[in-house]
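If you're matching them up, the sequences are chains A and B in order.
Going by the working numbering, the letters in the first sequence line up with residues 1 to 285, in that order.
Going by the working numbering, the letters in the second sequence line up with residues 286 to 521, in that order.
We put the CB at the ideal spot given by N, CA and C, even for glycine.
Computed from a predicted structure; not experimentally measured.
Below is one structure; the comments refer to it alone.
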Amino acid sequence: MIAILVDGIVQGLQLSLMAVGITLIYGLGGVLNLAHGQFAVVGGIATALFVEAGVNPLAACALGILSAGVFGFVVDRTLLLPAYRSAGEERLLLGLLITLGLSFVVNGFLDYKYPNISLTLKLATPSFNVAGITVRTASVVAAAIAIVAFVLLFAFLKGTLLGKVIRSIIQNEVGAGLCGINPGRIRTLIVTLSAMMAGLGGVVQGLFSSLGTEMGNELTSFALIVAVVGGVRSINGTLAAGVLLGIVNAFASYFVGAYLTLIILLGTAVFTILLRPAGLFAYRT
Amino acid sequence: MSALIGVEGIEVAYGDIAVVRGVSLEVREGEAVAVIGPNGAGKTTLFKTIAGMLKPRAGKILYQGARIDGLRHYEIVKRGVIYVPAERELFPQMTVLENLELGAYTNYKSRWERLKFVLGLFPRLAERRRQMAGTLSGGEQQMVAVGRGLMAKPRILLLDEPSTGLAPLFVSELYRQLSRLKGEGLTILLAEQQVPHALSFTERAYVLENGGIRLFGKSGDLLGDPEIQRSYLGMA
Chain A
1 MIAILVDGIV QGLQLSLMAV GITLIYGLGG VLNLAHGQFA VVGGIATALF
51 VEAGVNPLAA CALGILSAGV FGFVVDRTLL LPAYRSAGEE RLLLGLLITL
101 GLSFVVNGFL DYKYPNISLT LKLATPSFNV AGITVRTASV VAAAIAIVAF
151 VLLFAFLKGT LLGKVIRSII QNEVGAGLCG INPGRIRTLI VTLSAMMAGL
201 GGVVQGLFSS LGTEMGNELT SFALIVAVVG GVRSINGTLA AGVLLGIVNA
251 FASYFVGAYL TLIILLGTAV FTILLRPAGL FAYRT
Chain B
286 MSALIGVEGI EVAYGDIAVV RGVSLEVREG EAVAVIGPNG AGKTTLFKTI
336 AGMLKPRAGK ILYQGARIDG LRHYEIVKRG VIYVPAEREL FPQMTVLENL
386 ELGAYTNYKS RWERLKFVLG LFPRLAERRR QMAGTLSGGE QQMVAVGRGL
436 MAKPRILLLD EPSTGLAPLF VSELYRQLSR LKGEGLTILL AEQQVPHALS
486 FTERAYVLEN GGIRLFGKSG DLLGDPEIQR SYLGMA
């Protein structure tokens, strides 16, 4: 039981790593990124390629995450420009189409070019015992990575000027402009940072089990559910929703199997949205 | 005195509908100027255009002799033209202190000195500094909005309807502090529906009706103008 709970929390944290990127890009750029799982896959597969090329695994992870960041940066500065030029609903729709198209392209490319590559990171000691319970080392490491990433993200958003600027744009883009803030530059930074966090999520997936080239869409859907349940403008909410849905996912997979799990997850999402339409920690005016 | 801001024959439209037609006005260094007029006369459109949030279809806007009508709004802020809209546009889930800090974004090195100045002006904000801006009363939010604008060390403050939705006590308090700022040499362009406040606070005023300037002159003279008294001051 406890093992399932721990697994759920770890998986939830990993989902949150990706969902928080969706939240940030939506909050800042008004684009709901349907290729976010592909950012994670690009990061993870790049890591696998670096490992295959003989790079030290830790350095390969760093390079893989960096690759995801570069990919995000390029996407922001090229493909997303037409979306940024329009506003409101038009931007949202254009952003959906562009990122959906991008997800197809990335899937197709990886499937064609690297059909047999996947990322599986193995640790020296696969498991250890704590008070009679066997714990997978990978779970602990994965959880630690995710928690450190979130602590850093929160410290950045709360404690630095740039972090405050980011929060200000999410809360009120007009107000940020009145302070002399240029949202375009900050947006590029956030897409890059979000892509790197997604890449980290991909690497964590490789650590936890295995990351294949075909997993982009699945990761996007899970992350999207988490982001919506958490409230697409709330970072605290995203973290909580990730852990909640991760636990639900772990128990559901254990007791009823994989097919019903997705239905139960979506059910949980619908139920949460019915209770709290704007997300778990929605701001009430 | 030279003009700090010169608006020359601007026309601003939403789609095909011109909201501001051929408006010219100027604000000189150290002056306080009012724009009065009924709801929908185009005051907010005029202010947003000067601030760079709307582009004029014709005419030009000069600031210190150089055109600014082609610049993005955040670039205009960098030059010291600060717009405080009636909607306030605060960051509701950030503290008063954070809201003020972001106001100093273009002037970050002197943020502490500015903060001391703003909190001295509005001591109530010092009491509320850890509170989320979204939880403040309307009057306090207006103080945050004006305070945030002052954090940038403006050369000119564009104040759009600062008294909207405020209790009379707050309006008087706000104008007392604005007078103090004016006394310190701050240039102010003010749009206001509370005409007596606006005219007694400023040196000159423009009357905007249906998107055009109908009348302008010394505020004191306008206060005594029978037509103004009838239309805006509720006198027979």
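Cross-chain neighbours of residue i in chain B, by beta carbon under 8 Å
i	result
N172 (chain A)	E374, L375, F376 and P377
Interface flag, residue i vs chain C, CB-CB below 8 Å
i	result
Y393 (chain B)	Going by chain labels, chain C is absent from the structure shown, which instead holds the protein chains A and B.
Residues of its chain near residue i, where Cβ-Cβ distance is below 6 Å and the 5 sequence neighbours each way are ignored
i	result
S448 (chain B)	V456 and Q479
V304 (chain B)	V297, G327, T330 and G496
D354 (chain B)	P341, K345 and I346
G180 (chain A)	none
F407 (chain B)	M428 and G432
V318 (chain B)	V312, L474, T487 and R489
G555 (chain B)	With chain B running from 286 to 521 in the structure shown, residue 555 (chain B) is simply not present.
V270 (chain A)	none
D506 (chain B)	none
Distance between beta carbons of residue j and residue i, contact taken as under 8 Å
i	j	result
R233 (chain A)	I170 (chain A)	6 Å
V243 (chain A)	S16 (chain A)	7 Å
V320 (chain B)	L493 (chain B)	5 Å
T188 (chain A)	G69 (chain A)	Wrong, their Cβ atoms sit about 11 Å apart, outside the cutoff.
N182 (chain A)	Y359 (chain B)	5 Å
G175 (chain A)	S168 (chain A)	7 Å
I147 (chain A)	L13 (chain A)	7 Å
L97 (chain A)	L32 (chain A)	Incorrect: roughly 11 Å between the Cβ atoms, too far for contact.
L211 (chain A)	S118 (chain A)	6 Å
Residues of its chain near residue i, where Cβ-Cβ distance is below 7 Å and the 5 sequence neighbours each way are ignored
i	result
F332 (chain B)	Y368, L443, D445 and A476
Q378 (chain B)	M417 and G419
F222 (chain A)	L15
P126 (chain A)	R136 and T137
A278 (chain A)	G231
D7 (chain A)	S139 and A250
V248 (chain A)	I264, L265 and T268
G307 (chain B)	G294, E296 and G497
L79 (chain A)	I98 and L102
Beta-carbon proximity list for residue i, same chain, < 8 Å, skipping 5 on both sides
i	result
E386 (chain B)	R396, L400 and M436
T391 (chain B)	V362, K363 and A437
I65 (chain A)	G43, T47, M196, G199, L200 and V203
L421 (chain B)	V381, R413 and V429
S294 (chain A)	The question about residue 294 (chain A) has no answer, for chain A in this structure spans 1 to 285.
G470 (chain B)	G315
F281 (chain A)	G230, G231, S234, N236, G237 and A240
Burial state of residue i (16 or more Cβ within 10 Å)
i	result
P439 (chain B)	buried
R284 (chain A)	Bear in mind that the predicted position of R284 (chain A) carries a pLDDT of just 44, short of 50, making it unreliable; the figure below should be weighed with that in mind. Exposed is the call here.
G405 (chain B)	exposed
S194 (chain A)	buried
M215 (chain A)	buried
D76 (chain A)	buried
T23 (chain A)	buried
N384 (chain B)	buried
Y112 (chain A)	exposed
V10 (chain A)	buried
R373 (chain B)	buried
K561 (chain B)	What the structure shows of chain B is the stretch from 286 to 521, and residue 561 (chain B) is not part of that stretch, so it cannot be assessed.
S286 (chain A)	With chain A covering only 1 through 285, there is no way to say anything about residue 286 (chain A).
P323 (chain B)	exposed
Chain-ordered chain A contacts of residue i [CB-CB under 9 Å]
i	result
E386 (chain B)	L161 and K164
R433 (chain B)	G175, L178 and C179
E383 (chain B)	K164, R167 and S168
H482 (chain B)	In chain order: nothing, as chain A lies at least about 23 Å away.
Y359 (chain B)	A176, G177, L178, C179, G180, I181, N182 and P183
Y368 (chain B)	L178
Y517 (chain B)	Near Y517 (chain B) there are no residues of chain A at all, since even the closest Cβ is about 28 Å away, more than 9 Å.
Contacts of residue i in chain A (Cβ-Cβ under 8 Å)
i	result
K363 (chain B)	G180
A437 (chain B)	C179 and G180
beta-carbon residue i near the ligand COA non-hydrogen atom, thresh 7 Å
i	result
T120 (chain A)	You won't find the ligand COA in this model; it holds no ligand whatsoever.
Per-residue contacts from residue i into chain A (C-beta, under 7 Å)
i	result
Y299 (chain B)	Neighbours of Y299 (chain B) on chain A: none; closest Cβ ~14 Å, over 7 Å.
Y348 (chain B)	Under the 7 Å cutoff, chain A gives no residues; its nearest Cβ is about 15 Å from Y348 (chain B).
In chain order, each beta strand (DSSP E) run of at least 3 residues that lies wholly inside the stretch 220 to 265 of chain A: none
Minimum length 4: unbroken alpha helix (DSSP H) runs contained in the stretch 337 to 370 of chain B: 358 to 363
Start-end ranges of the alpha helix (DSSP H) lying completely within the stretch 456 to 498 of chain B, minimum 4 residues: 480 to 486
Segments of 3+ residues assigned as beta strand (DSSP E) that fall wholly inside the stretch 47 to 95 of chain A: none
Minimum length 4: unbroken alpha helix (DSSP H) runs contained in the stretch 181 to 208 of chain A: 183 to 208
Length at least 4, wholly inside the stretch 150 to 185 of chain A: the alpha helix (DSSP H) runs in chain order: 161 to 171 and 173 to 178
Inside the stretch 294 to 329 of chain B only - beta strand (DSSP E) runs reaching at least 3 residues: 302 to 313 and 317 to 321
Length at least 4, wholly inside the stretch 410 to 465 of chain B: the alpha helix (DSSP H) runs in chain order: 423 to 436
Length-filtered (3 minimum) beta strand (DSSP E) runs lying within the stretch 97 to 136 of chain A: 127 to 130 and 133 to 136
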